[in-house]
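A quick write-up on the structure given underneath.
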Amino acid sequence: MTFQITARALLLASAVALSPLALPAAWAATPADTLVVAATIDDIISLDPAQSFEFSGNDVTQNLYDRLVHFDPLALDKGFQPSLAESWKTSEDGKTLTLTMREGVKFQSGNPVRAEDAAWSIQRAVKLDKSPAFILTQFGLTPENVEQMVKAEGNTLSITMDKPYAETFVLNCLTASVASVVDKETVMANVQGEDLGNTWLSTNSAGSGPYSLAAWRPNEAVQLVANEGYFQGAPAMKRVIVRNVQESSAQRLQLEQGDIDVARNLTPTDVEAVAGNDALKITDEPRGRILYMGLSQKDPLLSNPAVIKAMRHLVNFEGMAGSFLKGQWKIHQNFLPEGYLGASDDNSWTYDVEAAKKILAEGGVTGGTVTTKVRDLREYLDVAQTLQASMAEAGLTLNIEQMTGAQVLDAYRARQVPIFLGEWGPDYADPQTNASTFALNPDNEAEKGSTLAWRNSYAVPAEMQAAVEAAVTEGDAEKRKTMYLDLQKQYHDVAPILPLFQRVEQTASQKGVEGWSGGGAVTSVQYRSVTKKAE
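If you're matching positions, the sequence shown starts at 8 in the working numbering and goes up one per residue.
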């Protein structure tokens, strides 16, 4: 059953439940069965898993829905594990994956989870063709052929692809949020016109996951309610409340007062202060997110090869990593995060304004002005301002325009951001997830695209794109590793989308919070594993 309450009711209830005046000052002020998290969640656009493609949105959808297979993000060496599918096999020609569904699982509506629901969910995501659809369409699925390529027969689901792919690559894609299985009957009852339920599902849930959506109020809060009938066992936390708290200082204060259990966006200064509090703890967890700089090739200044090369020397890597990014980002100048097959440790770009000046002069660049639109998070703004200062030394002017996360993403996806500073997180636990977005752009003139190369109007060289396509079909792990290392070397020297840092998430929490994980390098937070005990 999907719980629905108004956003106003949610906020009033949360205010009562979390008021330090109504409850003792001790950390147990939050109820024992409720997890209260402070985070920046203004990037959520939709909670439809076929559309959600933002960090905060996927944190929610990963807990509302199940997928056909899953893995332990902290133990990738264990491989894939059954979820809604209890087994699977690939045909001899490597083109068809057949999955057998688990019996007896129910959606929160009470409807049984069927192979038909799984097939329809994939068909629906492909037909809607929202931002994350490329994860599925890269197998040759289109709105026109998906009903023939993805079929349910009895208790089995078959997915036929345009060519053979490594089985691990296909399964990795099926762990992504866009491959979540939704309740066909419930969603179809809420269709508006030809939207396949997208409008309704953006603010409601229809899954079989450990939680259902109680309410979401943009830029304010999300509330989840436990699914007591969850097939893997009911979660210990009966409610999860995620409050949008932008400022690190406000998150720290609420944590210290016992108003929240977890703070996810503390600055290094606040992390240091929390670390000295005996009632609190800090958990470090490497993430797969890459902080990068995209230079739009639509911009006449940024498309100049001399500017692209010079920008590699105008990023103060050591200065930022040793100050406002300290402990939370490490220098990483390649598109595959550390921990992935084929990750490279080539961090050869150096901060050198004089070298940048020389490159610009040799390229005939005497000056110029460009704009960056930046999400109003402190670390992004600090990076932008540091870049602004170094560019000014080289004779280039950078204007900084602050926006909310959703506003920046909308503009970026419309190719309207000359210099983009932000994060990219992997969509599945396979190196192709980043290779296919940083170094693949099959149609640079298309009106719509989802890869980072397209968003930055980067016409990727044909040789590089061919290398991306070849790597995804190679079944030998060592050969794949070499292919991705070679690909990144080629990319590292010429691409206008520059990976800068890899995130290390420092989560602050009450000492009694156990089982917290932000999802490791490859996925999102999992609230079902969280427990609390009094300290």
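Where is the CB? At the ideal position from N, CA and C, for every residue including glycine. Computed from a predicted structure; not experimentally measured.
### Message
Please report the distance separating the alpha-carbon of residue 351 from that of residue 487.
### Response
The sequence position of residue 351 within the sequence shown is 344, counting from 1. The sequence position of residue 487 within the sequence shown is 480, counting from 1. The alpha-carbon of residue 351 is positioned some 13 Å away from that of residue 487.
### Message
Just verifying my parser: in three-state terms, what is the DSSP assignment at residue 126?
### Response
As a working note, residue 126 is residue 119 in the sequence shown. Looking at residue 126 - three-state DSSP - the assignment turns out to be helix.
#### Entry: Beta-carbon gap between residue 493 and residue 474 smaller than 8 Å
Position 486 of the sequence shown holds residue 493. Position 467 of the sequence shown holds residue 474. Yes, these two residues count as a Cβ contact at 8 Å.
### Query
Span of the beta strand (DSSP E) holding residue 280?
Within the sequence shown, numbered from 1, the residue matching residue 280 stands at position 273. Segment 275-282 is the alpha helix (DSSP H) holding residue 280; no beta strand (DSSP E) there.
### Query
What is the DSSP secondary structure of residue 64, reduced to helix, strand or coil?
In the sequence shown, counting from the first residue as 1, residue 64 sits at position 57. Looking at residue 64 - three-state DSSP - the assignment turns out to be helix.
### Task
Tell me, please, which residues DSSP counts as bridged to residue 521.
Working through the sequence shown from its first residue, we reach residue 521 at position 514. Beta-bridge pairing links residue 521 to 538.
### Query
How long is the line joining the alpha carbons of residue 121 and residue 307, rounded to whole angstroms?
Sequence index remark: in the sequence shown, residue 121 carries index 114 (1-based). Sequence index remark: in the sequence shown, residue 307 carries index 300 (1-based). The alpha-carbon atoms of residue 121 and residue 307 are separated by roughly 53 Å.
### Query
Pick from 241, 252, 400 and 197: whose alpha carbon is nearest that of residue 50?
In the sequence shown, counting from the first residue as 1, residue 50 sits at position 43. When only C-alpha atoms are compared, the closest one is 252.
### Query
In chain order, what residues of the same chain have a beta carbon less than 6 Å from the beta carbon of residue 174, not counting five sequence neighbours either side?
Looking up residue 174 in the sequence shown gives position 167. Around residue 174: 97.
### Query
When DSSP builds the beta bridges, which residues end up paired with residue 77?
As a first step, residue 77 is located in the sequence shown; it is residue number 70 there, counting from the start. Paired residue(s): 88.
### Message
Within 10 Å of its beta-carbon, does residue 335 have 16 or more other beta-carbons around it, so buried, or fewer, so exposed?
### Response
As a first step, residue 335 must be located in the sequence shown, where it is residue number 328. Its Cβ being crowded by 16 or more others within 10 Å, residue 335 is buried.
### Message
Is it buried or exposed, residue 29, if we count other Cβ atoms within 10 angstroms and call 16 or more buried?
### Response
For the purposes of this step, residue 29 is taken as the residue at position 22 of the sequence shown. Residue confidence for residue 29 is low, a pLDDT of 33 falling below 50, so the modelled location carries little weight; the figure read from the coordinates is stated next. That one is exposed.
### Query
What residues in its chain sit with their C-beta under 7 Å from that of residue 325, if we drop five residues either side in the sequence?
Here the question's residue 325 lines up with position 318 in the sequence shown. The residues are 358.
### Task
Measure the C-alpha to C-alpha separation of residue 448 and residue 420 and round it to an integer number of angstroms.
To locate residue 448, count along the sequence shown from 1; it is residue 441. To locate residue 420, count along the sequence shown from 1; it is residue 413. Going by the C-alpha atoms only, they are around 14 Å apart.
### Query
What residue does the alpha helix (DSSP H) around residue 2 start on, and which one ends it?
Nothing about residue 2 can be read from this structure; the chain reaches only from 8 to 542.
### Query
residue 39 to residue 401, Cα distance in whole Å?
Stepping through the sequence shown from its first residue, residue 39 is reached at position 32. Stepping through the sequence shown from its first residue, residue 401 is reached at position 394. Rounded to the nearest whole angstrom, the CA to CA distance from residue 39 to residue 401 is 56 Å.
### Message
Extract the residue ranges of the beta strand (DSSP E) inside the stretch 416-474, only unbroken runs of 3 or more that lie entirely within it.
### Response
426-431
### Task
Report yes if the C-beta distance between residue 490 and residue 502 is below 8 Å; otherwise report no.
Indexing the sequence shown from 1 puts residue 490 at position 483. Indexing the sequence shown from 1 puts residue 502 at position 495. For the 8 Å CB-CB criterion, residue 490 and residue 502 do not form a contact.
### Message
So the candidates are 214, 213, 160 and 58; which of them puts its Cα closest to the Cα of residue 141?
### Response
Within the sequence shown, numbered from 1, the residue matching residue 141 stands at position 134. Cα-wise, what sits closest to residue 141 is 58.
#### Entry: Close beta carbons around residue 106, own chain, < 6 Å, minus the five adjacent residues each side
Within the sequence shown, numbered from 1, the residue matching residue 106 stands at position 99. Once the five neighbours on either side are set aside, the close Cβ partners of residue 106 are 75, 92, 95 and 164.
### Message
Restricting to Cα atoms, I'd like to know which of 322, 216 and 378 is closest to residue 355.
### Response
Taking the sequence shown and counting its residues from 1, one reaches residue 355 at position 348. Among 322, 216 and 378, the Cα nearest to that of residue 355 belongs to 322.
### Query
Is the CB-CB distance between residue 428 and residue 379 below 8 Å?
Mapped onto the sequence shown, residue 428 falls at position 421. Mapped onto the sequence shown, residue 379 falls at position 372. Result yes, Cβ atoms of residue 428 and residue 379 sit closer than 8 Å.
### Query
Helix, strand or coil for residue 590 per DSSP?
In this structure the chain extends from 8 to 542, so residue 590 is not present and cannot be described.
### Message
Do residue 434 and residue 139 have their beta-carbon atoms positioned less than 8 Å apart in this structure?
### Response
Translated into positions along the sequence shown, residue 139 becomes position 132. Translated into positions along the sequence shown, residue 434 becomes position 427. Closer than 8 Å, so yes.
### Task
Following the continuous alpha helix (DSSP H) through residue 144, name the residue where it begins and the one where it ends.
Against the sequence shown, residue 144 aligns to sequence position 137. From DSSP, the alpha helix (DSSP H) with residue 144 extends over 141-144.
### Message
Is there a Cβ of chain D sitting closer than 8 Å to that of residue 512, yes or no?
### Response
The chain labelled as chain D is not found in the depicted structure, where only one protein chain is given.
### Task
Specify whether the stretch 188-195 and the stretch 123-132 touch according to this definition: at least 3 beta carbon pairs, one from each stretch, less than 8 Å apart.
yes
### Task
Sort 242, 213 and 64 by Cα distance to residue 536 and report the nearest one.
Sequence index remark: in the sequence shown, residue 536 carries index 529 (1-based). Checking every option, the nearest Cα to that of residue 536 belongs to 242.
### Message
Quick check on residue 70: does DSSP put it in helix, strand or coil?
### Response
Reading the sequence shown from its first residue, position 63 is the one you call residue 70. Helix.
### Task
State the start and end residues of the unbroken beta strand (DSSP E) segment that holds residue 226.
For the purposes of this step, residue 226 is taken as the residue at position 219 of the sequence shown. Run containing residue 226: none; DSSP gives neither H nor E here.
#### Entry: For residue 410, the residue or residues it bridges with in DSSP
As a working mapping, residue 410 is identified with position 403 in the sequence shown. Answer is 382.
### Message
Checking 8 Å against the spacing of the C-beta atoms, do residue 374 and residue 311 come in under that value?
### Response
The count along the sequence shown starts at 1 and reaches residue 374 at position 367. The count along the sequence shown starts at 1 and reaches residue 311 at position 304. No, these two residues do not count as a Cβ contact at 8 Å.
### Message
Could you compute how far the alpha carbon of residue 345 sits from the alpha carbon of residue 199?
### Response
Taking the sequence shown and counting its residues from 1, one reaches residue 345 at position 338. Taking the sequence shown and counting its residues from 1, one reaches residue 199 at position 192. Those two C-alpha atoms are separated by around 44 Å.
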